Each structure stands twice: as structure tokens, then as C-alpha cells.
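One structure is given here, and the rest of the page talks about it.
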DNA sequence: GTGCTATTGATTATCATCAAGCAAAGAATG
DNA sequence: CATTCTTTGCTTGATGATAATCAATAGCAC
């Protein structure tokens, strides 16, 4: 096999799989290990691939969404348990509208594979469902915000105005007595449109979000049906929320079995109030 | 550090980076190699990660779009050169509408990082631009086809009807004397809407597509401004296209330097006719 | 406290991978 | 045809990674 074609196929294989073991490549391309190794060195020099012990990683891969990369796994433990509690109150065959944000992303991960209709404006969320044949996916178009990967703007809002869903799962940058806050002006409008499209509104927010305001007010507390948070939420806030109307679900960080992240969402204990 | 938290952080790290070397993890988590190794075995069993020699890959990641996975790198060499020739006739600051398909995906890869406005209905394409701050991205929403990851349907078409772009890059399942063919009925409608939104229409298709019909006719040849293909296209077909109206650009597979795939799009020789 | 168990860290022998050097086979050049 | 340059495959000693075993520690029940 000519060297040119081999290197070209090499790139294709690596790109396709994201990772390829060295002996794998030796077998599939039918050349010696030394040759593969030399090719990989060249690819690395060129920046297309990254070598590891025993294999290669594709380097020119998808640029990642900033928000999901930088973010320290700050309250991820909490976010995960909140997500686990949230998916329990979503039934199969529902139509679910999912907002952007890391907590809703966790919810989306747990929903993947279930028989649902999902509507979202978030590209990271959409990617999770894109190839799931059991889940119908409707993507809200519009202008894509580069930092967060969500669709915004008039097109998005107008499309939303014509949809109706059974359940909307919203995230928030902050929650105060006045209601839900968000950090982006355009996103606030889109979230307001989401509220109008919803039958039941669920807000997911870890306890650190309470008592914190942000740029714009999205909605009052009375528009929310259910708030899902973690057990770190103070008594006062619990009462404040309940007084304002919503049901409150507090997810306990599970005593054991943290490993269940993927399919299995049964671990979190939940305490339902009022 | 308690084992639970460690494993949780492990998942976060792996997910964030896609790959992590073993000694890296040892250093960052401050535990012994044996412990890390045991944790990774557990994660692998559980399906969250995939072990390699000397490291781990994240497994629970994005499910991949079927079309891009299965597809043999059949005419990829041709597709790449076609893509390289195509991006040469697209200028900075233009508004470009990109169709779905593997050839247009290659075009998109070469456009990534340039100063453009990009409009697309394809999620794989959108992912390439999502975090590029230099490129404005407008995503056409709608119903997402699970196999190909493109948005279809009435919402998509209606949004398109309100847009105007300088250049549209279309793909095709087949090209005959009658015109452009596509394999999906709904997609044909969307592509017709794309044609209507376009100033200049570029069709990218490798030579194997010519003389091949598919399910539905999308448009006649006269609606196309430029056809970009490879040098494998027969004389008769060249003449047929030129007689019908479009300009024809044939990309030669470069004699050397196949390695330039990423940023560098300068390699392909092109022959421009009429 | 005593036993029990789970988790961790160190050690070892074994195996896989690596870089470098060298020779053979083509391809290109004069 | 001879010569040079490139590409390829093989070998070797060295390095790195692995699995398995064992001892130490820390909890937990009673």
C-alpha cells in the first residue's frame, strides 16, 4: 500500500473512533508496527493526533463548549442527585422541554434512551438525543451562543410560541423571593417563552443558587410547579418556596453507590414535601 | 480522601478531558496507582469508561451520528479535495448556508475558524462551529432525523423562508440530466427551501454521484451556479453540466502532501472550466 | 476490647510498548 | 547502469504498564 493512502486511511480511522490502539492499526492496515509508529509520530508533529501509550487519540476533534469544560465539578454531586430525583417525576411518552445549563444537562443524560419527545434549545443536550431512536428530538433553532451552546433570539422564541409541551425543565442562575434569575438577557426571554409553552414547570437548582440574584428576572415563583434541589437547602428557604406555591423536592446525596451515573438513576433518596 | 468522592472526581476528570493517563490521575488525586487502577476497572465494568494501555477513555460520551460512523471512508479522498476546492470560492464575511452530508461536513471543517456567518440544519456541522467565536452560527431548528442528525420538517422550512444568504452549499445523493436527487422526501423540501434562500448555489458531489438517481428530484440543474466535483468525472458529464448552465470546478487529488487536512486547505489543485 | 470486612498501598514477576539502529527493497536522479 | 534517497520491516535493550499477592490501616458490629 502506498504511504499516502495509508496515512490518509489512518486519519480516517482515528477520527472515526476517537481512539485507536496501535496493534489494532497494524492489523487493519497490514503494515509493520514500526511503520504505524512512524506515521503516528508524523501525525502528532502535525497536530492531527495525540499519541498515548499503546495508541492514538484524535486531536482535531470537536471543539468543546466552554461552559462544560472550564467549570469545576463544583456542585456536581448535588447536580447529579437533583437530576436523578427529577427524572423520576417525568413519565414515558411525555413531551419534555429542556433548558440549557449543566443541571439540565445531567437530567438529559438520565433521560437518554427513554421513550419521550424532547424539545431543547441546547446543543449539548441535543447531542445526547440525536442518535437515540427511541427519543424524538425537536431542536429549537436560532442564534447559537458560543459560550453555552444554546439557541437564542427571536427565531427561537417564535418557534417556542407555537409549541406546547407537558413538562418544562428549567435551570436558573439564581433564585430569590422575587423569583427566578438568569445571567443572560436574551436567554431570559427565551425562558419566558418556555414557561408559556409548558404544562408543568420544573425548576432544577442546587442549594447554592438560593438567595442569589442575577442580571434579569425571568419569572416569579408562582409560575413554578415544582422546585427540585438538594438537602443542603436551609429551612427558611424551604418554607419560602413552599409559601410561594411550588412543590419542593429535596434530593439527598446517596449514602452509597455513587458509581451509578449512567443508565441507573435509582440511587438518590428523595424527600418530598407538601 | 473518601473513596466515593474520589471516584466521582475521577468521572468528572475523565469526562472533561475525554482521555486521562494513569500517572496523571495518580498525581492529581494523590492516591496510589493500585487504587486508581481498581477504580478504573470498576468504571469500565460499569460502562462509564474504557481502559487503554496507560490510561482511560470516557465512554459515556456523545453517542455518534450513525451516518458518520458506519460509512467507510469510501471516496473520502475525493470528498476532501472537493471540500478544499470549495472553501476557496467562499470569502470571509459571507453568510454561508451549509446542508447536511459528509461532503458538506468536510467543507465545514475547513471553514471552521474563518470569519463567517454560518447557517445550517446539520448538528454535526453545527457542533464544529458551536464554540468558534469568530464564526456566527445560526442553527435551523426542527425535527431531528436520528440517522443523519439534520433538522427537517415544516419548522425548518419556515425558518428558512425568512432567511437570505450569500452562498448555499448543497450536497446530493445523485445528479442526473434532470437535476439534483435526494434520498429523503422531507429533506428534499428543506433543500428546496435552501435554494430559495440562496444568492449563489454551490453543489458538492464526488464523481460517483453523477448518473445516479435517488428517491426525489430536488431541483433542476439550471438552478445551480457552481458544481464542484473531482477529476474522475467523465468528459460527457462535464459537458452535460456545462451545457445545462452551472460553472464546473474539478478538484484534483493532490500529488503529494495528503497530510494537510486540518487548517491547511491549500493543497488541492483545481481546474476551473468555463 | 475482639473479630470482621473493606479499602488502600507496596512489591513483585510478567508482559506490552517504545526508541534507536540497521539492512533490504524500491523509487528517483544523474 | 550506478548512485542516492526514501520507505519499510526487523531486532534489541530499555522503559513502562499490568495483574496478583500481601500487609497495613481504618472503620463497624457486637
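Chains as they are written, first to last, in my numbering: chain A, 1 to 274; chain B, 1 to 274. For glycine and all other residues, C-beta sits at the position ideal for the given N, C-alpha and C. Keep in mind that this is a model prediction, so the values were computed, not measured.
Whole angstroms is fine: what's the gap from residue i's alpha carbon to residue j's?
i: residue 160 of chain B; j: residue 108 of chain B; result: 19 Å
i: residue 236 of chain B; j: residue 30 of chain A; result: 38 Å
i: residue 149 of chain A; j: residue 28 of chain B; result: 29 Å
i: residue 239 of chain A; j: residue 87 of chain B; result: 60 Å
i: residue 169 of chain A; j: residue 36 of chain A; result: 49 Å
i: residue 92 of chain A; j: residue 110 of chain A; result: 13 Å
i: residue 11 of chain B; j: residue 198 of chain B; result: 46 Å
i: residue 117 of chain A; j: residue 134 of chain A; result: 9 Å
i: residue 49 of chain B; j: residue 19 of chain B; result: 9 Å
i: residue 83 of chain B; j: residue 127 of chain B; result: 18 Å
i: residue 121 of chain B; j: residue 24 of chain A; result: 35 Å
i: residue 143 of chain A; j: residue 141 of chain B; result: 10 Å
i: residue 5 of chain B; j: residue 95 of chain A; result: 34 Å
i: residue 274 of chain B; j: residue 242 of chain B; result: For residue 274 of chain B, the predicted structure reports a pLDDT of 47, less than 50, and the residue's modelled location is therefore unreliable. A value from the coordinates is still provided. If you take the alpha carbons of residue 274 of chain B and residue 242 of chain B, they lie about 8 Å apart.
i: residue 22 of chain B; j: residue 58 of chain B; result: 13 Å
i: residue 106 of chain A; j: residue 193 of chain B; result: 36 Å
i: residue 234 of chain B; j: residue 78 of chain B; result: 15 Å
i: residue 247 of chain A; j: residue 201 of chain A; result: 11 Å
i: residue 157 of chain B; j: residue 190 of chain B; result: 5 Å
i: residue 171 of chain A; j: residue 85 of chain A; result: 15 Å
i: residue 219 of chain B; j: residue 196 of chain B; result: 11 Å
i: residue 139 of chain A; j: residue 104 of chain A; result: 15 Å
So, is the C-beta of residue i closer than 8 Å to a C-beta in chain B?
i: residue 116 of chain A; result: no
i: residue 164 of chain A; result: no
i: residue 155 of chain A; result: yes
i: residue 83 of chain A; result: no
i: residue 40 of chain A; result: no
Tell me whether residue i sits in a helix, a strand or coil according to DSSP, three-state version.
i: residue 182 of chain B; result: strand
i: residue 17 of chain A; result: helix
i: residue 215 of chain A; result: coil
i: residue 224 of chain B; result: coil
i: residue 233 of chain B; result: coil
i: residue 205 of chain B; result: coil
i: residue 34 of chain B; result: helix
i: residue 131 of chain A; result: coil
i: residue 90 of chain B; result: coil
i: residue 176 of chain B; result: coil
i: residue 247 of chain B; result: strand
i: residue 258 of chain B; result: With a pLDDT of 36 at residue 258 of chain B, under the threshold of 50, the predicted position of this residue should be treated as unreliable, and no value is reported.
I want to see whether chain A comes within less than 8 Å of residue i, judged by CB atoms only; does it?
i: residue 91 of chain B; result: no
i: residue 187 of chain B; result: no
i: residue 232 of chain B; result: no
i: residue 199 of chain B; result: no
i: residue 149 of chain B; result: yes
i: residue 152 of chain B; result: no
i: residue 258 of chain B; result: A caution first: residue 258 of chain B carries a pLDDT of 36, below 50, which makes its placement in the model unreliable, though a value can still be read off. So, interface residue.
Report the neighbours of residue i on chain B: residues whose CB is nearer than 8 Å to its CB, in chain order.
i: residue 77 of chain A; result: 5 and 8
Name the DSSP bridge partner or partners of residue i?
i: residue 58 of chain B; result: B/49
i: residue 167 of chain A; result: A/96 and A/200
i: residue 117 of chain B; result: B/95 and B/136
i: residue 149 of chain A; result: Paired residues: none, contrary to the question.
i: residue 141 of chain A; result: According to DSSP, which records beta bridges pairwise, residue 141 of chain A is partnered with nothing at all.
i: residue 122 of chain B; result: B/150
Could you name the residues of chain B that residue i contacts, counting a contact when the two beta carbons are closer than 9 Å?
i: residue 194 of chain A; result: In chain order: nothing, as chain B lies at least about 14 Å away.
i: residue 144 of chain A; result: 126, 129, 130, 136, 137, 138 and 139
So residue i contacts chain A; which residues on that side make the cut at Cβ distance below 9 Å?
i: residue 275 of chain B; result: Outside the displayed span of chain B (1 to 274) sits residue 275 of chain B, for which this structure offers no information.
Whose Cβ in chain B lies nearer than 7 Å to the Cβ of residue i?
i: residue 133 of chain A; result: 146
i: residue 159 of chain A; result: 141 and 155
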